[in-house]
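**Student:** The sequence shown: position 47 = 47 (the numbering used here), numbered continuously.
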Amino acid sequence: MRASQPAHLLQPGRPGLPGRGQRPQDHILSRTRGPIRRGIADMSYRYLIIAAALLSLAACAREDISPVAQPGEEIKAELLAVDPEQIPETYTTTGTLIADDRVEIASRLIGFIRDLRVREGSKVKKGELLLTIDPKEIEARLSEARARLAQAQARVNEVEADFRRYKKLFEQKLIPASRFQKQELALQVAREELRVAQANLNRVEVQFQYAKIRSPVDGVVVKKLKQAGDIATPGAPILVIENPNNIVLKTFIREDYVGQVQVGDRLVITVDAARLRTIGTVTRLVPAGNPATHSYLVKATLDEVGQARIGMFARAEFLVGSKWGILIPAEALVRRADLPGVYVVDDKGIAHFRMLRIGRNMDGRLEVLAGLRGGERIVLRAPAPVRTGDHVIVAGGKVIGES
């Protein structure tokens, strides 16, 4: 016999329980259907707001970029007929401005650095004294070499006097020939010792001059690698001097352009930091490439330096051929919704905005990579802004560039 349930739990229609004749699953659906409907309504409202905003933006931009001509006003404008032409094909690389005259100052002697007179940034002249290596050891060797030379000279003087005396005795046949020949040999040995002593003195004197290090070029000290009191050793750099007036471009070209670049070729060099754009000349092309990067070193001089400085970043444009293309004046370019383009005038004189893909700026003329065909007419100048749909009347009665 089943246990009886409380009476209030068996009454139909109470909250939380299915009504009479209603299945439990139907009751659950009826409880959740209301919130779902409200959620769908909220989402639909949000979508409607977003769609309205997008339609407003499209309506604002349609006037500028729509390719469909709309009725507009009449306007006089100068038109240009575009025509394909031969355009130089260039290869652009990046590089650095360096000093062609760059000298590392090092000592030929071992000794303490004394009297280091320059610092980084100091301007120096050719032959100017830069520093001195402590000459005490060299001075001692110089004194020793001079003493040996004096001793050798005295020995020669003594042997020469004996030789003259023996020569007279030999001529008088008072001494045998062997004795005279022995004295003659002694004189030759003494003179050879004198020559060696003189050579040794010359060598020490040259080394003494090495103790005073002078600048071999005009320039500026760009690095100071040692200080006064440091020990200088042969071959170890102490200073680095560069000539800021002899600036060259150092760059690298890819292996597939090596055959198209030659010494003496002209190129365009741009230094943005110095607001410089000038012509350069290739002066050096190293035929041995870097096996890791497969690139080749190129150096080029600059016709004009301006405010360029050593170490600045630069771009180099090498002329490697030519191709057919279209160039338009930069003043013909307009922007609509930040998109570059021009107004193309059709056969009926109606202006249409045409988006373009722009390439290089070649002295005020822009290379058109896509968007224009030869023979089309574009608006060059107009007294007022042109809009899509305007009826354009040719100013002067003739289109520029048309025969």
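We treat Cβ as the ideally placed atom computed from N, Cα and C, and that holds for glycine. Here the structure is a predicted model, which is why all the values come from computation and not from measurement.
Taking 8 Å as the limit between beta carbons, can you name the residues of its chain near V399, skipping five residues before and five after?
**Tutor:** In the sequence shown, residue 399 corresponds to position 399, counting from 1. Correct list, in chain order: L79, L80, A81, R377.
**Student:** Taking only three categories from DSSP, how would you classify E160?
**Tutor:** Translated into the one-based positions of the sequence shown, residue 160 becomes position 160. In this structure, E160 counts as helix in the three-state DSSP scheme.
**Student:** Give me, in chain order, the residues of the same chain whose beta-carbon lies closer than 8 Å to that of V248; leave out the 5 immediate sequence neighbours on both sides.
**Tutor:** Taking the sequence shown and counting its residues from 1, one reaches residue 248 at position 248. Excluding positions up to five away in sequence, the list reads L97, I98, A99, D100, T283, K299, A300, T301, L302.
**Student:** Exposed or buried, Q5, counting other C-beta atoms within 10 Å across all chains shown (16 or more means buried)?
**Tutor:** Start at 1 with the first residue of the sequence shown, and residue 5 comes out as number 5. Summary for Q5: the model assigns pLDDT 44, below 50, so the residue's position carries little reliability; its value from the coordinates is reported in the next sentence. When all chains shown are included, Q5 counts as exposed.
**Student:** Is V305 near the ligand COA - that is, is its Cβ less than 7 Å away from at least one heavy atom of it?
**Tutor:** This structure lacks the ligand COA; in fact it carries no ligand of any kind.
**Student:** Return the chain-ordered list of same chain residues with a C-beta closer than 8 Å to the C-beta of E255, the five sequence neighbours on each side being excluded.
**Tutor:** Residue numbering aside, residue 255 sits at position 255 when the sequence shown is read from its first letter. G289, H294, S295, Y296.
**Student:** What's the gap between the Cα of E367 and the Cα of G401?
**Tutor:** Numbered from its first residue, the sequence shown carries residue 367 at position 367. Numbered from its first residue, the sequence shown carries residue 401 at position 401. E367 and G401: Cα-Cα distance of roughly 17 Å.
**Student:** On a Cα-Cα basis, can you pick out the residue from Y257, R275, E317, A292 that is closest to T281?
**Tutor:** Locating residue 281 in the sequence shown gives position 281, counting from the first residue. For the residues Y257, R275, E317, A292, the minimum Cα distance to T281 belongs to E317.
**Student:** May I ask you to report which of helix, strand or coil DSSP gives E402?
**Tutor:** Sequence index remark: in the sequence shown, residue 402 carries index 402 (1-based). E402 falls in the coil class under three-state DSSP.
**Student:** State the Cα-Cα distance for the pair V118 and L130, rounded to the nearest angstrom.
**Tutor:** Here residue 118 refers to the residue found at position 118 of the sequence shown. Here residue 130 refers to the residue found at position 130 of the sequence shown. Those two C-alpha atoms are separated by around 6 Å.
**Student:** Exposed or buried, T92, counting other C-beta atoms within 10 Å across all chains shown (16 or more means buried)?
**Tutor:** In the sequence shown, the residue the question calls residue 92 occupies position 92. Exposed, because fewer than 16 other Cβ atoms sit within 10 Å of the Cβ of T92.
**Student:** Can you name the start and end residues of the alpha helix (DSSP H) that L194 belongs to?
**Tutor:** As a position in the sequence shown, residue 194 is number 194, starting the count at 1. Looking at the DSSP string, the run of the alpha helix (DSSP H) that includes L194 is 177-210.
**Student:** Determine the DSSP secondary structure at G280, reduced to helix, strand or coil.
**Tutor:** For this step, residue 280 is matched to residue 280 along the sequence shown. Correct three-state label for G280: strand.
**Student:** So that I know if they touch, is there some Cβ in chain D lying closer than 8 Å to that of G396?
**Tutor:** Here there is only one protein chain, and chain D is not present.
**Student:** According to DSSP, simplified to helix, strand and coil, what is E367?
**Tutor:** Locating residue 367 in the sequence shown gives position 367, where the first residue counts as 1. E367 falls in the strand class under three-state DSSP.
**Student:** To which residues does DSSP link L174 through a beta bridge?
**Tutor:** In the sequence shown, counting from the first residue as 1, residue 174 sits at position 174. DSSP output for L174 lists no bridge partner at all.
**Student:** Quick check on DSSP: helix, strand or coil for G396?
**Tutor:** Taking the sequence shown and counting its residues from 1, the one referred to as residue 396 is at position 396. DSSP places G396 in helix when its eight states are reduced to three.
**Student:** Which residues in the same chain as Y166 place their Cβ atom closer than 6 Å to its Cβ, once the five residues preceding and following it in sequence are excluded?
**Tutor:** Translated into positions along the sequence shown, residue 166 becomes position 166. For Y166, where only same-chain residues beyond five positions count, the Cβ hits under 6 Å are F180, Q183.
**Student:** Three-state secondary structure (DSSP) at E317?
**Tutor:** The count along the sequence shown starts at 1 and reaches residue 317 at position 317. Strand, per DSSP.
**Student:** Go through its chain and collect everything with a Cβ distance to T233's Cβ below 8 Å, but skip five positions before and after it.
**Tutor:** Counting from one through the sequence shown, the residue named residue 233 turns up at place 233. Contacts found: S107, I110.
**Student:** Residues in its own chain within less than 7 Å of L142 by CB, not counting five upstream and five downstream?
**Tutor:** One-based indexing of the sequence shown puts residue 142 at position 142. Counting only Cβ-Cβ distances below 7 Å, and skipping sequence neighbours, we find V204, E205, F208.
**Student:** When DSSP labels each residue in this structure, what does K226 get in the three-state scheme?
**Tutor:** Mapped onto the sequence shown, residue 226 falls at position 226. Note: K226 maps to coil in three-state DSSP.
**Student:** What is the rounded straight-line gap between the Cα of V156 and the Cα of V240?
**Tutor:** As a working mapping, residue 156 is identified with position 156 in the sequence shown. As a working mapping, residue 240 is identified with position 240 in the sequence shown. Rounded to whole angstroms, V156 to V240 spans 48 Å at the Cα level.
**Student:** Who are the near neighbours of K212 in its chain, counting only those whose CB is closer than 7 Å to its CB and skipping five residues on each side?
**Tutor:** The residue labelled residue 212 in the question sits at position 212 within the sequence shown. Excluding positions up to five away in sequence, the list reads L129, T132.
**Student:** For the segment 163-178 against the segment 142-152, do three or more pairs of beta-carbon atoms, one drawn from each stretch, fall closer than 8 Å, so that the two count as touching?
**Tutor:** no
**Student:** Which whole-angstrom value describes the C-beta separation of D238 and I138, a residue pair presumed to lie in contact below a C-beta threshold of 8 Å?
**Tutor:** Stepping through the sequence shown from its first residue, residue 238 is reached at position 238. Stepping through the sequence shown from its first residue, residue 138 is reached at position 138. As written in the sequence, residue 238 is Ile, which differs from the Asp given in the question. In fact, because the Cβ distance is near 17 Å, the residues do not count as touching under 8 Å.
**Student:** Mind checking which residues open and close the beta strand (DSSP E) that includes I378?
**Tutor:** Locating residue 378 in the sequence shown gives position 378, counting from the first residue. I378 -> beta strand (DSSP E) spans 377-381.
**Student:** Taking C-alpha atoms, which residue in N243, A228, G235 lies nearest to S215?
**Tutor:** Start at 1 with the first residue of the sequence shown, and residue 215 comes out as number 215. Residue N243 is the option with its Cα nearest to S215.
**Student:** Go ahead and label D390 buried or exposed: buried means 16 or more other beta carbons lie within 10 angstroms of its beta carbon, across all protein chains shown.
**Tutor:** Here residue 390 refers to the residue found at position 390 when the sequence shown is read from its first residue. With 16 or more Cβ atoms within 10 Å of its Cβ, D390 is classed as buried.
**Student:** Taking R381 as the reference, which of A351, L356, R275 has the closest Cα?
**Tutor:** Within the sequence shown, residue 381 is the residue found at index 381, counting from 1. The closest CA to that of R381, considering only A351, L356, R275, is found on A351.
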